[in-house]
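Residue numbers (our numbering): -1 to 65. Glycine residues also receive a C-beta, built at the ideal position from the N, C-alpha and C atoms. No experiment lies behind these values; they were computed from the predicted model shown. Heads up: the structure comes next, in structure tokens.
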């Protein structure tokens, strides 16, 4: 699982796996990191030009989220 791999390896995690449920993944990462604001994920994705149907790798999504 992508989340388990990311948590095990931390910021050095790299993967070329495509993410199908981007908003759900970002929401889970936020919750696991202790953040409580998970309501604006879709708005953030729209601002970034990321759509659920886009083919985005784990690394691309995480890099955009961190920025």
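- Annotated as distal: residue 30 and residue 0, with beta-carbon spacing of 9 Å or more.
- Taken atom to atom, the span from the alpha-carbon of residue 53 to that of residue 18 is near 8 Å.
- Comparing alpha-carbon positions, the option among 57, 49, 12, 6 lying closest to residue 21 turns out to be 49.
- For the 9 Å CB-CB criterion, residue 15 and residue 55 form a contact.
- Cβ neighbours of residue 28 within its own chain (closer than 6 Å, five residues either side excluded): 36.
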